[in-house]
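These notes are about the structure you will find just below.
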Ligand code: FDP
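In the working numbering, the protein residues as written are 318 to 654.
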């Protein structure tokens with residue numbers, strides 16, 4: 318392949334299909350469908366500033382149509398694209414209480430389910446901060462002749478077949494992995510295509526940043542407070558956008574550590590295991606990083622019990638995660654915690 322030539326997301330996905338001897342093209346099509354949905358969401362997100370001209374979400378616009386909240390819009394678009402594709406038998410979204418089984422198309426039963434957070438960080442959108450879509454794809458476990466079941470979604474992160482995110486930022490970038498490295502594609506608006514821009518992404522072994530909502534400092538457990546003091550003593554720079562996709566995107570490229578520990582308000586952490594933590598843990602591990610909970614368990618090994626289960630997370634550069642793990646173990650032993 319000529320490496321100077323532009324490689325579109327579609328071309329790349331198709332070229333990778335042959336890496337999987339068992340591939341039938343369904344996963345390829347699913348990833349392309351997610352790319353299409355992302356372009357549609359991107360179009361709306363980039364018009365978000367116009368909401369004040371066109372009407373405020375939740376009210377009618379000048380034409381008398383309801384203006385939807387962007388997270389609701391993104392959710393509907395993803396569900397529509399995936400349902401119409403016929404390549405997945407159901408989805409679970411952070412926006413919906415239950416999973417949504419899809420009817421079989423032309424009596425063909427699809428073998429994948431998709432889990433997603435349609436617009437993560439959406440509380441930032443009206444102030445122009447980057448937000449993103451996070452997704453994970455699992456092979457179904459239930460009988461393929463019937464509708465999908467809850468157990469198809471309650472799988473460990475280790476069982477992910479593919480995962481990724483799309484960041485709607487200064488540029489729109491899709492980063493995904495099928496378990497063979499991580500690649501990033503930047504949307505070229507002039508041709509409307511995601512083009513390969515970041516090949517085989519590797520997270521730096523260490524970075525200069527730590528990322529945590531330090532406003533909750535007093536609500537963290539004592540060993541976490543001490544670890545944060547340690548980061549500050551090391552003169553690490555604090556960066557916290559409050560939009561997980563943006564914070565992880567920076568961590569992936571620049572290195573560093575991102576933490577969302579338990580607080581008094583969120584005793585199990587705030588972020589969702591299935592929709593946020595697992596796909597990001599899968600990607601970061603594929604890029605050579607690590608992801609654990611504040612109980613020091615590997616995120617991908619946590620056995621999910623419910624769709625909207627929350628989890629703590631510490632994710633990022635491998636040496637920094639190992640150091641944090643050792644720090645907490647040492648501190649707990651010394652203080653008898
Ligand atoms: P948001 O509430 O804006 O949707 O899980 C959602 C999330 O954002 C993450 O994107 C972000 O990392 C986190 O919550 C921010 O939470 P805090 O405001 O508690 O720091």
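Quick reminder that beta carbons are idealized off the backbone N, C-alpha and C, glycines included. What you are looking at is a predicted structure, and each value in this text was computed from that prediction instead of being measured.
Candidates the options, of which the one nearest residue i by Cα
i, options, result
"residue 327", "600, 500, 427, 620", "500"
"residue 559", "396, 529, 548", "529"
"residue 544", "430, 321, 646, 346", "646"
"residue 363", "395, 485, 439, 413", "485"
"residue 565", "477, 444, 491, 652", "491"
"residue 462", "442, 427, 431", "427"
"residue 333", "516, 641, 537", "516"
"residue 591", "570, 474, 358, 649", "474"
"residue 547", "640, 456, 356", "640"
"residue 518", "440, 481, 420, 582", "481"
Proximity of residue i and residue j at Cβ, strictly below 9 Å
i, j, result
"residue 502", "residue 596", "no"
"residue 610", "residue 601", "no"
"residue 556", "residue 567", "yes"
"residue 627", "residue 434", "no"
"residue 630", "residue 593", "yes"
"residue 329", "residue 409", "no"
"residue 578", "residue 511", "no"
"residue 351", "residue 430", "no"
"residue 365", "residue 489", "no"
"residue 621", "residue 472", "yes"
"residue 331", "residue 398", "no"
"residue 390", "residue 411", "no"
"residue 571", "residue 580", "no"
"residue 625", "residue 450", "no"
Cut-off 7 Å between Cβ atoms - residues of its own chain near residue i, not counting five sequence neighbours on either side
i, result
"residue 636", "522, 523"
"residue 650", "none"
"residue 505", "512"
"residue 343", "404, 427, 428, 429"
"residue 400", "419"
"residue 618", "473, 475"
"residue 345", "330, 331, 334"
Status (buried if at least 16 other CB within 10 Å, exposed otherwise) for residue i
i, result
"residue 540", "buried"
"residue 371", "Any answer about residue 371 is weak, because its pLDDT of 49 lies below 50 and its placement is not dependable; what the coordinates show is given next. With fewer than 16 Cβ atoms within 10 Å of its Cβ, residue 371 is classed as exposed."
"residue 392", "buried"
"residue 438", "buried"
"residue 395", "buried"
"residue 359", "buried"
"residue 508", "exposed"
"residue 347", "buried"
"residue 534", "exposed"
"residue 457", "buried"
"residue 623", "exposed"
"residue 444", "exposed"
"residue 487", "exposed"
"residue 322", "exposed"
"residue 335", "exposed"
Close Cβ partners of residue i (< 6 Å) along its chain, the five nearest in sequence each way excluded
i, result
"residue 418", "407, 464, 465"
"residue 607", "635, 638"
"residue 643", "none"
"residue 416", "407, 409, 470"
"residue 648", "540, 543"
Integer-rounded CB distance, given that residue j should sit under 8 Å from residue i
i, j, result
"residue 324", "residue 513", "4 Å"
"residue 436", "residue 467", "Not really, about 24 Å apart at Cβ, beyond 8 Å."
"residue 573", "residue 525", "7 Å"
"residue 353", "residue 448", "The pair is not a contact, with the Cβ atoms about 19 Å apart (cut-off 8 Å)."
"residue 454", "residue 477", "7 Å"
"residue 598", "residue 632", "6 Å"
"residue 459", "residue 479", "The pair is not a contact, with the Cβ atoms about 19 Å apart (cut-off 8 Å)."
"residue 569", "residue 520", "5 Å"
Own chain residues within Cβ distance below 8 Å of residue i, not counting five before or after
i, result
"residue 652", "539, 540"
"residue 531", "545, 555, 557"
"residue 349", "326, 327, 330"
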